[in-house]
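Trainee: Numbering-wise (the numbering used here), the sequence shown opens with residue 50 and increments by one. Cβ atoms here follow ideal geometry from the backbone N, Cα and C, with glycine treated the same way. Got a structure here, written out as structure tokens. Questions coming.
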Amino acid sequence: MANKIRWGIVGTGGIAHKFAQGLGVLEDAELTAVSSRTKESAEKFASEFNVPNRHIGSDELACDKDVDVVYIATPNPMHKDDTTNCLMGGKAVLCEKPFAMNSKEVMQMITCAKEKNLFLMEAMWTYFFPGIKKVCQLVSDGAIGEVRLIQANFCLRSKWNPQGRVLNPQLGGGALLDVGIYNIALAQIIYGAEPERISSMAHIGETGVDEQGSMIFGYKGGAMAVLTCAVQTETAFEAAIYGTDGYIKLPHMFFQPDRIIVKSGQQQEKEIKFERLGNGYSYEAQEVMRCLRDGEVECPAMPLETSIAFMRTMDRVRQQWGLVYPMDAV
Ligand SMILES: NC(=O)c1ccc[n+]([C@@H]2O[C@H](COP(=O)([O-])OP(=O)(O)OC[C@H]3O[C@@H](n4cnc5c(N)ncnc54)[C@H](OP(=O)(O)O)[C@@H]3O)[C@@H](O)[C@H]2O)c1
């Protein structure tokens, strides 16, 4: 492996831009290639980020000898094929959340990575923030006693665009896969388990996807998580973790926190603030590069079993809603 880890990016949309900016602050990372559906878009992205190699499609990028690891930044239904194309070309892969459309696709991606003995990880960037690591440490140190309840809201109002990836079922739209996954990730981080019981409700809008949804998860011993997600209704992006002896609040952007509020036992509330490396996407990229340098094919902090758990939970929720995507039939 070269001194610098050489990245390729598939897709040139919103998150591809942010991730490229995130890579820009890492001295040991180099963005060497980009692929797009069109030559024009690849050229435009490449000139913006000074990327030497431009490709049409992930299968072409997969053959690029100047690339060690590929970041998949396409809409949800393209994740499986873009990921497997790159794995088949011998590349390590970091694929955006949600990992795929359903558990079947996730298992196909994982099987491919295992057969090729290559690194694969879901880009659930939340796991790598110092604020989240601190929350985990506080919980495991018993600072708030036994966790009994998690509340999390990730509800936004996106621009009305039935053709765009957020509302279009053909592009895997809907609140659960887009933002609800962050609520599920927070509950999974804290409880370390999938819910035993799920009660949920959604409003399926005129485009055929969930515009908003509410979920109540039940865990062993009666612990719960109450989670809401939306793409046409905005709330504060806040979360709280309540224990038998205190609580931790994540009052702002809980999925990428820059501060938390802790109340432990009889002590006063305490605010803890966190620095941020780059735009926050740098943390997950750093961890991927550490894994590659250490020869690890799975990230211990974000293992594939966790991605399976996210998707299995979302499949169960969708089943309650009767929300079926065209890709589920394949
Ligand atoms: N981790 C995070 O914070 C975060 C934030 C936002 C989104 N995401 C995830 O990142 C992925 C992409 O989201 P985004 O917001 O970047 O979407 P976007 O702005 O629509 O960009 C997606 C890109 O994918 C490519 N693409 C390939 N096939 C496409 C198709 N049939 N229709 C539209 N675009 C297609 C396009 O690039 P070319 O035209 O160059 O082919 C497009 O620019 C999603 O899975 C989303 O869940 C993650």
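#1: Have a look at Val275 and Lys53 and give me their C-alpha separation to the nearest angstrom.
#2: Determine the direct distance from the alpha carbon of Pro147 to that of Glu354, and round the result to whole angstroms.
#3: Comparing alpha-carbon positions, which option in Ile64, Glu97 and Glu336 lies nearest Met170?
#4: Suppose contacts are defined by Cβ-Cβ distances below 9 Å. Is Lys312 in contact with Ile193 by that definition?
#5: Work out the CA separation of Val100 and Thr61 for me, nearest whole Å.
#6: Under 8 Å by Cβ, that's how I've got Val142 and Val116 pegged, so tell me the actual separation to the nearest angstrom.
#7: Which two residues bound the contiguous beta strand (DSSP E) that contains Ser85?
#8: Within the region 144 to 225, note down every full alpha helix (DSSP H) run reaching 4 residues or more, in order along the chain.
#9: Can you check which of these residues, Asn232, Tyr120 and Phe168, is closest to Phe266 by C-alpha distance?
#10: Roughly how many angstroms lie between the CA atoms of Gln317 and Ala334, to the nearest whole one?
#11: Give the secondary structure of Cys340 by DSSP, where H, G and I count as helix, E and B as strand, and everything else as coil.
#12: CA-CA distance, Met127 and Val155?
#13: Please confirm whether any heavy atom of ligand 1 lies closer than 8 Å to the CB of Pro218.
#14: I'd like the span of the alpha helix (DSSP H) that includes Gly106, first residue to last.
#15: Secondary structure at Gly139, three-state DSSP: helix, strand or coil?
#16: Fully enclosed by the region 270 to 317, which beta strand (DSSP E) runs are 3 residues long or longer?
#17: Just tell me which of Ser107, Glu76, Ala65 and Gly71 has its CA closest to the CA of Lys93.
#18: Is Ser96 near ligand 3, going by C-beta to nearest heavy atom under 8 Å?
#19: For Thr282, which residues of its own chain have a beta-carbon under 7 Å away from its beta-carbon, when the five flanking residues on both sides are left out?
#20: Using the beta-carbon count (16 or more within 10 Å), is Glu89 buried or exposed?
#21: For Ser152 and Met360, what's the separation of their Cα atoms in angstroms?
#22: Following the continuous beta strand (DSSP E) through Asp259, name the residue where it begins and the one where it ends.
#23: DSSP on Asn52, reduced to helix/strand/coil?
#24: Given that a residue counts as buried once 16 or more other Cβ atoms are within 10 Å of its Cβ, and exposed if not, what is Ala272?
#25: Secondary structure at Gly63, three-state DSSP: helix, strand or coil?
#26: For His252, write down the residues that DSSP places opposite it in a beta bridge.
#27: What is the DSSP secondary structure of Gly73, counted as helix, strand or coil?
#28: CB Ala111 to CB Asn134, shorter than 9 Å?
#29: Excluding the 5 residues preceding and the 5 following Val188 in the sequence, name in chain order all residues of the same chain whose CB lies nearer than 8 Å to its CB.
#30: Quick one, which of Val373, Ala172, Phe304 and Arg367 has its alpha-carbon nearest Met351's?
#31: Determine the DSSP secondary structure at Tyr120, reduced to helix, strand or coil.
#32: What is the DSSP secondary structure of Gly371, reduced to helix, strand or coil?
Mentor: A quick look at the data gives this:
#1: The residue given as residue 275 occupies position 226 in the sequence shown. The residue given as residue 53 occupies position 4 in the sequence shown. Cα-Cα distance, rounded: 43 Å.
#2: The residue given as residue 354 occupies position 305 in the sequence shown. The residue given as residue 147 occupies position 98 in the sequence shown. Between Glu354 and Pro147, the C-alpha separation is close to 14 Å.
#3: Counting from one through the sequence shown, the residue named residue 170 turns up at place 121. The shortest CA-to-CA distance from Met170 to any of Ile64, Glu97 and Glu336 is the one to Glu336.
#4: For the purposes of this step, residue 312 is taken as the residue at position 263 of the sequence shown. For the purposes of this step, residue 193 is taken as the residue at position 144 of the sequence shown. For the pair Lys312 and Ile193, the CB atoms are nearer than the 9 Å cut-off.
#5: For this step, residue 61 is matched to residue 12 along the sequence shown. For this step, residue 100 is matched to residue 51 along the sequence shown. Here the C-alpha atom of Thr61 lies approximately 12 Å from the C-alpha atom of Val100.
#6: Taking the sequence shown and counting its residues from 1, the one referred to as residue 142 is at position 93. Taking the sequence shown and counting its residues from 1, the one referred to as residue 116 is at position 67. Wrong, their Cβ atoms sit about 11 Å apart, outside the cutoff.
#7: For this step, residue 85 is matched to residue 36 along the sequence shown. Unbroken beta strand (DSSP E) run through Ser85: Ala78 to Ser85.
#8: Segments of the alpha helix (DSSP H) lying fully in the region 144 to 225: 152 to 165 and 179 to 189.
#9: On the sequence shown, position 217 is the one that residue 266 refers to. Comparing alpha-carbon positions, the option among Asn232, Tyr120 and Phe168 lying closest to Phe266 turns out to be Asn232.
#10: What you label residue 317 is simply residue 268 of the sequence shown in a count that begins at 1. What you label residue 334 is simply residue 285 of the sequence shown in a count that begins at 1. The straight-line gap from Cα to Cα measures roughly 36 Å.
#11: The count along the sequence shown starts at 1 and reaches residue 340 at position 291. Correct three-state label for Cys340: helix.
#12: Residue 127 sits at position 78 when you count from the first residue of the sequence shown. Residue 155 sits at position 106 when you count from the first residue of the sequence shown. When rounded, the distance between both Cα atoms is 12 Å.
#13: On the sequence shown, residue 218 is found 169 positions in, with the first residue counted as 1. The answer is no for Pro218.
#14: Taking the sequence shown and counting its residues from 1, the one referred to as residue 106 is at position 57. No alpha helix (DSSP H) holds Gly106; DSSP gives it neither H nor E.
#15: As a working mapping, residue 139 is identified with position 90 in the sequence shown. In this structure, Gly139 counts as coil in the three-state DSSP scheme.
#16: Annotation: the region 270 to 317 contains the following complete segments of the beta strand (DSSP E) (minimum length 3 residues), in chain order: 273 to 279, 288 to 292, 295 to 299 and 308 to 313.
#17: The residue given as residue 93 occupies position 44 in the sequence shown. For Lys93, the nearest C-alpha among the options comes from Ala65.
#18: No copy of ligand 3 occurs in the structure displayed; its ligands are ligand 1 alone.
#19: Locating residue 282 in the sequence shown gives position 233, where the first residue counts as 1. Excluding sequence neighbours, Thr282 sits near Cys204, Arg206 and Gln261.
#20: If you number the sequence shown from 1, residue 89 lands on position 40. Looking at its Cβ environment, which holds fewer than 16 other Cβ atoms inside 10 Å, Glu89 is exposed.
#21: Position 103 of the sequence shown, counting from 1, holds the residue named residue 152. Position 311 of the sequence shown, counting from 1, holds the residue named residue 360. Between the alpha carbons of Ser152 and Met360 lies a gap of roughly 6 Å.
#22: Here residue 259 refers to the residue found at position 210 when the sequence shown is read from its first residue. Following the DSSP letters along the chain, one finds Asp259 inside the beta strand (DSSP E) bounded by residues Asp259 to Gly267.
#23: As a first step, residue 52 is located in the sequence shown; it is residue number 3 there, counting from the start. Look at Asn52 here: in three-state DSSP terms it is coil, with no helix or strand label.
#24: Within the sequence shown, numbered from 1, the residue matching residue 272 stands at position 223. Flag for Ala272 reads buried.
#25: To locate residue 63, count along the sequence shown from 1; it is residue 14. If DSSP states are grouped into helix, strand and coil, Gly63 belongs with the helices.
#26: Your numbering for residue 252 matches position 203 in the sequence shown. Note: His252 sits in a beta bridge opposite Gln261.
#27: Numbered from 1 along the sequence shown, position 24 holds the residue referred to as residue 73. Looking at Gly73 - three-state DSSP - the assignment turns out to be helix.
#28: Against the sequence shown, residue 111 aligns to sequence position 62. Against the sequence shown, residue 134 aligns to sequence position 85. Contact flag set, yes.
#29: Locating residue 188 in the sequence shown gives position 139, counting from the first residue. Cβ neighbours of Val188 beyond the five flanking positions: Val196, Ile239, Ile290, Gly292 and Ile297.
#30: Within the sequence shown, residue 351 is the residue found at index 302, counting from 1. Of the candidates Val373, Ala172, Phe304 and Arg367, the one whose C-alpha sits nearest the C-alpha of Met351 is Ala172.
#31: Residue 120 sits at position 71 when you count from the first residue of the sequence shown. Correct three-state label for Tyr120: strand.
#32: On the sequence shown, residue 371 is found 322 positions in, with the first residue counted as 1. When secondary structure is reduced to three states using DSSP, Gly371 falls in the coil class, being assigned neither helix nor strand.
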